[in-house]
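> Protein chains in written order, with the working numbering: chain A, 1 to 319; chain B, 320 to 638.
2 protein chains.
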Amino acid sequence: MTLTLKDIQEAADRIAPYIHQTPLLRMENLDAFLGCEVHVKLESMQVTNAFKIRGAMNKILKLEDEDLEKGIITTSSGNHGRAVAFAAKRLGIHATVVVPDSGSKYKAVAIEALGAELVRCDVSERFDVAETLARKYDYTYIPPFDDYEVMAGQGTVGLEIAAHHEDFNYIILPTSGGGLLASTSTAIKNTSASTKVYGAEPASLPRYSESLARGELTRIPRQKTIADALVTDQPGERNFPIVKELIDGMLAVSEEYILKGMKLLMMEGKIVAEPSSSVIIGAILEGLLKVSPEDKVCFVISGGNVGLDILENLKDVDY
Amino acid sequence: MTLTLKDIQEAADRIAPYIHQTPLLRMENLDAFLGCEVHVKLESMQVTNAFKIRGAMNKILKLEDEDLEKGIITTSSGNHGRAVAFAAKRLGIHATVVVPDSGSKYKAVAIEALGAELVRCDVSERFDVAETLARKYDYTYIPPFDDYEVMAGQGTVGLEIAAHHEDFNYIILPTSGGGLLASTSTAIKNTSASTKVYGAEPASLPRYSESLARGELTRIPRQKTIADALVTDQPGERNFPIVKELIDGMLAVSEEYILKGMKLLMMEGKIVAEPSSSVIIGAILEGLLKVSPEDKVCFVISGGNVGLDILENLKDVDY
Numbered sequence: 001m002t003l004t005l006k007d008i009q010e011a012a013d014r015i016a017p018y019i020h021q022t023p024l025l026r027m028e029n030l031d032a033f034l035g036c037e038v039h040v041k042l043e044s045m046q047v048t049n050a051f052k053i054r055g056a057m058n059k060i061l062k063l064e065d066e067d068l069e070k071g072i073i074t075t076s077s078g079n080h081g082r083a084v085a086f087a088a089k090r091l092g093i094h095a096t097v098v099v100p101d102s103g104s105k106y107k108a109v110a111i112e113a114l115g116a117e118l119v120r121c122d123v124s125e126r127f128d129v130a131e132t133l134a135r136k137y138d139y140t141y142i143p144p145f146d147d148y149e150v151m152a153g154q155g156t157v158g159l160e161i162a163a164h165h166e167d168f169n170y171i172i173l174p175t176s177g178g179g180l181l182a183s184t185s186t187a188i189k190n191t192s193a194s195t196k197v198y199g200a201e202p203a204s205l206p207r208y209s210e211s212l213a214r215g216e217l218t219r220i221p222r223q224k225t226i227a228d229a230l231v232t233d234q235p236g237e238r239n240f241p242i243v244k245e246l247i248d249g250m251l252a253v254s255e256e257y258i259l260k261g262m263k264l265l266m267m268e269g270k271i272v273a274e275p276s277s278s279v280i281i282g283a284i285l286e287g288l289l290k291v292s293p294e295d296k297v298c299f300v301i302s303g304g305n306v307g308l309d310i311l312e313n314l315k316d317v318d319y
Numbered sequence: 320m321t322l323t324l325k326d327i328q329e330a331a332d333r334i335a336p337y338i339h340q341t342p343l344l345r346m347e348n349l350d351a352f353l354g355c356e357v358h359v360k361l362e363s364m365q366v367t368n369a370f371k372i373r374g375a376m377n378k379i380l381k382l383e384d385e386d387l388e389k390g391i392i393t394t395s396s397g398n399h400g401r402a403v404a405f406a407a408k409r410l411g412i413h414a415t416v417v418v419p420d421s422g423s424k425y426k427a428v429a430i431e432a433l434g435a436e437l438v439r440c441d442v443s444e445r446f447d448v449a450e451t452l453a454r455k456y457d458y459t460y461i462p463p464f465d466d467y468e469v470m471a472g473q474g475t476v477g478l479e480i481a482a483h484h485e486d487f488n489y490i491i492l493p494t495s496g497g498g499l500l501a502s503t504s505t506a507i508k509n510t511s512a513s514t515k516v517y518g519a520e521p522a523s524l525p526r527y528s529e530s531l532a533r534g535e536l537t538r539i540p541r542q543k544t545i546a547d548a549l550v551t552d553q554p555g556e557r558n559f560p561i562v563k564e565l566i567d568g569m570l571a572v573s574e575e576y577i578l579k580g581m582k583l584l585m586m587e588g589k590i591v592a593e594p595s596s597s598v599i600i601g602a603i604l605e606g607l608l609k610v611s612p613e614d615k616v617c618f619v620i621s622g623g624n625v626g627l628d629i630l631e632n633l634k635d636v637d638y
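#1: Note the first and the last residue of the continuous alpha helix (DSSP H) segment covering residue 378 of chain B.
#2: Opposite residue 571 of chain B in the DSSP bridges: which residues?
#3: Looking at the C-beta of residue 49 of chain A, does it have a partner C-beta in chain B at a distance below 9 angstroms?
#4: From residue 3 of chain A to residue 243 of chain A, what does the alpha carbon distance come to, in whole angstroms?
#5: 9 angstroms is my cut-off, CB to CB: does residue 480 of chain B come that close to chain A?
#6: Against chain B, does residue 271 of chain A count as a neighbour if the rule is that its beta carbon must be under 9 angstroms from one of theirs?
#7: Near residue 406 of chain B, which residues of its chain fall below 6 angstroms by C-beta distance, leaving aside the five closest residues on each side in sequence?
#8: Less than 9 angstroms between CB atoms is the rule here; does residue 339 of chain B satisfy it with respect to chain A?
#9: Check distances from the C-beta atoms of the region 613-636 of chain B to those of chain A and list, in chain order, the residues that come in under 8 angstroms.
#10: Can you pull the chain A neighbours of residue 363 of chain B, defined as C-beta to C-beta under 8 angstroms?
#11: Within 9 angstroms (strictly less), CB to CB, does residue 356 of chain B reach chain A?
#12: If you count every other CB in all the chains shown that lies within 10 Å of the CB of residue 548 of chain B, and 16 or more means buried, which is it?
#13: Buried or exposed, going by whether 16 or more other CB atoms sit within 10 Å of the CB of residue 292 of chain A?
#14: Fully enclosed by the region 468-498 of chain B, which beta strand (DSSP E) runs are 3 residues long or longer?
#15: Strictly under 9 angstroms for the Cβ-Cβ distance: is residue 144 of chain A near chain B by that measure?
#16: The region 366-398 of chain B: which residues have C-beta closer than 8 angstroms to a C-beta of chain A, in chain order?
#17: Touch check for the region 278-290 of chain A and the region 151-169 of chain A: three-plus C-beta pairs under 8 angstroms?
#18: Within 9 angstroms (strictly less), CB to CB, does residue 485 of chain B reach chain A?
#19: Give me the chain B residues within the contact set of residue 23 of chain A, using Cβ-Cβ distance strictly less than 7 angstroms, ordered along the chain.
#20: For residue 373 of chain B, which option in B:520, B:621 and B:634 has the closest C-alpha, if you only look at C-alpha atoms?
#21: Tell me whether residue 289 of chain A sits in a helix, a strand or coil according to DSSP, three-state version.
#22: For the pair the region 332-349 of chain B and the region 580-594 of chain B, tell me if three or more CB-CB distances fall below 8 angstroms.
#23: What first and last residue would you give for the alpha helix (DSSP H) that runs through residue 135 of chain A?
#24: Going along the chain, which residues of its own chain have a beta-carbon closer than 7 angstroms to the beta-carbon of residue 134 of chain A, five neighbours each way excluded?
#25: Suppose you measure from the CA of residue 510 of chain B to the CA of residue 481 of chain B; what does that come to, to the nearest Å?
#26: List, in order along the chain, the chain A residues whose C-beta lies closer than 7 angstroms to that of residue 347 of chain B?
#27: If you follow the alpha helix (DSSP H) that residue 5 of chain A is part of, which residue opens it and which one closes it?
#28: Going by other Cβ atoms of all chains shown within 10 Å of its Cβ, with 16 needed for buried, is residue 466 of chain B buried or exposed?
#29: Tell me whether the beta-carbon of residue 596 of chain B lies closer than 9 angstroms to the beta-carbon of residue 363 of chain B.
#30: Which residues, taken in chain order from the region 238-267 of chain A, show a beta carbon closer than 7 angstroms to some beta carbon of chain B?
#31: Put residue 191 of chain A into one of helix, strand or coil per three-state DSSP.
#32: Using a threshold of 9 angstroms, state whether the C-beta atoms of residue 633 of chain B and residue 569 of chain B are closer than that.
#33: What residue from B:348, B:324 and B:444 has the CA that sits closest to residue 671 of chain B's CA?
#34: Within 10 angstroms of the Cβ of residue 439 of chain B, are there 16 or more other Cβ atoms? Answer buried if so, exposed if not.
#35: Tell me where the beta strand (DSSP E) around residue 399 of chain B begins and ends.
#36: Look at the alpha carbon of residue 523 of chain B and the alpha carbon of residue 179 of chain A, and state the distance between them as a whole number of angstroms.
Below, the structure written as structure tokens:
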């Protein structure tokens, strides 16, 4: 099995009643700062304020009724957990979310507010904890990435971008396990062959940069990053081959420039993006990809879930 | 003389090369909080991050070349000053901006960054100071409001809203001197008779609520408000009769609810609005206008110019 454009198109129909078609805006006020024609796809304005609902909802809607009744479980640093909690609430089923201690407190609160059961553990143990609970209670595990049905849902971001017929020169996406990147690339490369697709990840957790350089799945040492949604330590096994085949490059962004990107979006773009989404703006500010004023660049702002406490970090940041 | 739809249409053509057509977004994530179908017109994403450039640019573009060469001057608590400074820079002419001490520091910095000459004074003296300087240097005064050409430019907000053919039940606008309200009402009431137009102002500075109640221009006592762009102490003489004739009501919003509105926009809408724009969201949260879930409501987010320091005020705010 793999991921096809048709899978993504079918997912789009399946999830349509549950998600928003998010805005794709031309942001002229950012052109001078980023040196290109700036467009933003605002998944920050999606249901649960992140793109994750697209993949989670597609996966969950494909389950049998009896599995839905038993309940679902997932692991997540936040946004996927919130998406699963939201889907469970919408469908009236039970959800358990295993959250790493290192994750965003703001996101954990939002997950609990949706009525899901929250289980905390160390980030390295999260998959084991979820597996144990799933076996014990016969829950269906809803993976945050590395799953074709999750990817098919996430790829609808790419379909919506393609529907604008803007002939983008570049599309840049935040990258952790690689689900959004692999699936959006599939949608884009099958509809607009001339568009280049880049991923951006924290330089402190360069799982894709390393894996692509070595040509094989590589696990990297855990390090902290302000980008709390981009903490996976290796690419997804199913995502990696697609990413390797389709994308045009990977950008590894410093923590300093992630914050610069976030502040630029807030102060000049007047939009709230989480650090994990700001990584794609930071990549350009850091000069990791050379763009020119004529280039039409679409930045996928994957989420906007950030507490006011994080804004403290922006005070002394220049851009 | 008065203000006509034709004036606004001509202004739209005149200023088109200098401004952005700003997004009008459906914001489903806010529906549950505001009890209606929420749409936002994002003048926060306008050039200089506020609607003021529309009026200032129209006024300035109508000046004779010899007056442009002598230079222009204005008074402003911030957004109009920034607009005038931007226009002057674009046209290569000299601008002086008289800024009240009570205004936003963030906005004053932005004005200086555009190369304008900044003159500070007490808020009550600002018009006298500007007049003295204008006479001394033969500058042309660009009024922030109460001017038909400024209004004609600002009314283009209404034209852009009308062009969406959404049949809004309500349009709600922040109000200070009344230029945006008078001019947008003119555009809307001439194109969509069934749409109700409301203004919202700080309850601490209810210059329109008082004037409308008494049926005449009323000067109110100066009080502080977090809404730093809504500090005028009486309606504009030219604006008031238009507002009185056209609008459906005025909402006076408490400081507490202005902040609630701002936090809601930021945390759930993921957009940055200044307190002076958040007043229209606060009005609904405070229950000052009864809306129902079927009502299509367009909120005009007039500006997004706010420093990170103001976000401190949001920490303990619930919505």
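Backbone N, C-alpha and C fix where the C-beta goes; we use that ideal spot for every residue, glycine too.
This is what the structure holds:
#1: Unbroken alpha helix (DSSP H) run through residue 378 of chain B: 371-380.
#2: Paired residues: B:520.
#3: So yes, residue 49 of chain A belongs to the interface.
#4: Between residue 3 of chain A and residue 243 of chain A, the C-alpha separation is close to 11 angstroms.
#5: Judged by the 9 angstroms Cβ criterion, residue 480 of chain B is not in contact with chain A.
#6: True, the Cβ-Cβ gap to chain B drops below 9 angstroms.
#7: Closer than 6 angstroms at Cβ, skipping near neighbours: 375, 376 and 379.
#8: Look at residue 339 of chain B: its C-beta is under 9 angstroms from a C-beta on chain A.
#9: So the list reads 623, 627, 630, 633 and 634, given in the order they occur along the chain.
#10: Chain-ordered, the chain A residues with CB closer than 8 angstroms to the CB of residue 363 of chain B read 270.
#11: Residue 356 of chain B does not count as touching chain A.
#12: Buried: at least 16 other Cβ atoms inside 10 Å.
#13: With fewer than 16 Cβ atoms within 10 Å of its Cβ, residue 292 of chain A is classed as exposed.
#14: Entirely contained in the region 468-498 of chain B, the beta strand (DSSP E) runs reaching 3 residues are, in chain order, 489-493.
#15: Taking Cβ atoms only, chain B never reaches closer than 9 angstroms to residue 144 of chain A, which makes this a no.
#16: Per Cβ criterion, the list reads 366 and 368.
#17: Because the criterion of three Cβ pairs below 8 angstroms is not met, the region 278-290 of chain A and the region 151-169 of chain A do not touch.
#18: No - not a single Cβ of chain A is within 9 angstroms of the one on residue 485 of chain B.
#19: Under the 7 angstroms cutoff, chain B gives 342 and 344.
#20: Measuring from the Cα of residue 373 of chain B, the nearest candidate turns out to be B:621.
#21: DSSP places residue 289 of chain A in the coil class of the three-state scheme, outside both helix and strand.
#22: Touching, per the Cβ criterion.
#23: Counting along the chain, the alpha helix (DSSP H) containing residue 135 of chain A begins and ends at 126-137.
#24: The answer, listed in chain order, is 73 and 141.
#25: Note on geometry: alpha-carbon atoms of residue 510 of chain B and residue 481 of chain B lie some 7 angstroms from one another.
#26: Among the residues of chain A, those whose CB is under 7 angstroms from the CB of residue 347 of chain B are 20, following chain order.
#27: First-last of the alpha helix (DSSP H) with residue 5 of chain A: 5-15.
#28: Buried, since its Cβ has 16 or more Cβ neighbours within 10 Å.
#29: Result yes, Cβ atoms of residue 596 of chain B and residue 363 of chain B sit closer than 9 angstroms.
#30: Answer in chain order: 266.
#31: Coil, per DSSP.
#32: Remark: C-beta atoms of residue 633 of chain B and residue 569 of chain B do not approach each other more closely than 9 angstroms.
#33: No information on residue 671 of chain B is available, as it lies outside the stretch 320 to 638 that chain B covers here.
#34: For residue 439 of chain B, the number of other beta carbons within 10 angstroms of its own is below 16, and it is reported as exposed.
#35: Residue 399 of chain B -> not in any beta strand (DSSP E); alpha helix (DSSP H) instead, spanning 398-410.
#36: Distance from the CA atom of residue 523 of chain B to the CA atom of residue 179 of chain A, rounded to whole angstroms, is 51 angstroms.
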